[in-house]
Every structure is written in structure tokens, then in C-alpha cells.
Amino acid sequence: MRRGTAKRMLSVVGVVAVAGVMPLLTATTASADQIACTEYVGSHGYTVGPKVRAACSHGVIFTGIGKTANPKCLVGLANLNVASSVSGKACLRA
């Protein structure tokens, strides 16, 4: 095998390995944040079901100087009549 072909093969293997591992690393963090959001909503007396979990699946937005609640999370919880004082803090945990 020629040296150039071997380098290309190793590059392809590296890219495939990274592509396979990345979703596993990011999914764990997102799941934990969604749980923090739903637990916060539940701790304030609201029933947590699939609609709350769906709203909490929209993670925070990092602005470069901090983080802000995702509007999709806020609207999703508002549509379920979750108080804005609860939804704002919950969505910051998402």
C-alpha cells in the first residue's frame, strides 16, 4: 500500500470514528438538561408529561456572554399554562 493511500484511509477512519462518537457525547448532556427542566416544573406542582418534556427539549441559547432561555421552551410551557416565573427558570435549566 502506498503512503498516500494509507494516510487517506486513516483520515477516513478518524472522521467516521468521530462522527460515530459525537452524538453519544452530546445526547447525554441534552438529556440531563431536559431532566433538570422537567424536574423544576414538576417541583412547582405541575404534572410532567410528554408535552412538558417536549418543551424542555429545546435547550438554552448561549449568547457568548451568558445563556438565555430558548423561546420554543418558553412558548411550549406557556401553552401548557405554566407560570412564567416557573417556565423562565425551568427553560434556563434546559
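FYI, in mature numbering (1 follows the signal peptide of the UniProt record, and there is no 0) the residues of the sequence shown are -32 to -1, 1 to 62.
We put the CB at the ideal spot given by N, CA and C, even for glycine.
Own chain partners of residue i with C-beta closer than 8 Å, once the 5 adjacent residues on each side are dropped
| i | result |
| --- | --- |
| Ala14 | Looking at the sequence itself, residue 14 is Tyr, so the reference to Ala does not match. Closer than 8 Å at the Cβ level, and outside the excluded window around Tyr14, lie Val20, Leu48, Val50 and Val54. |
Where the alpha helix (DSSP H) through residue i begins and ends
| i | result |
| --- | --- |
| Ser25 | Per DSSP, Ser25 belongs to no alpha helix (DSSP H) and is neither H nor E. |
| Gly56 | Ser52 to Arg61 |
| Gly32 | Element bounds for Gly32: n/a, residue is neither H nor E. |
| Ala46 | Pro39 to Ala46 |
Beta-carbon spacing of residue i, residue j below 9 Å
| i | j | result |
| --- | --- | --- |
| Gly27 | Ala58 | no |
| Val16 | Thr31 | no |
Cβ shell of residue i (< 6 Å), same chain only, five flanking positions each side left out
| i | result |
| --- | --- |
| Gly44 | Ala23 |
| Ser25 | Gln2 |
Minimum C-alpha distance to residue i - residue among the options
| i | options | result |
| --- | --- | --- |
| Asn38 | Leu60, Pro18, Ala46 and Ser52 | Leu60 |
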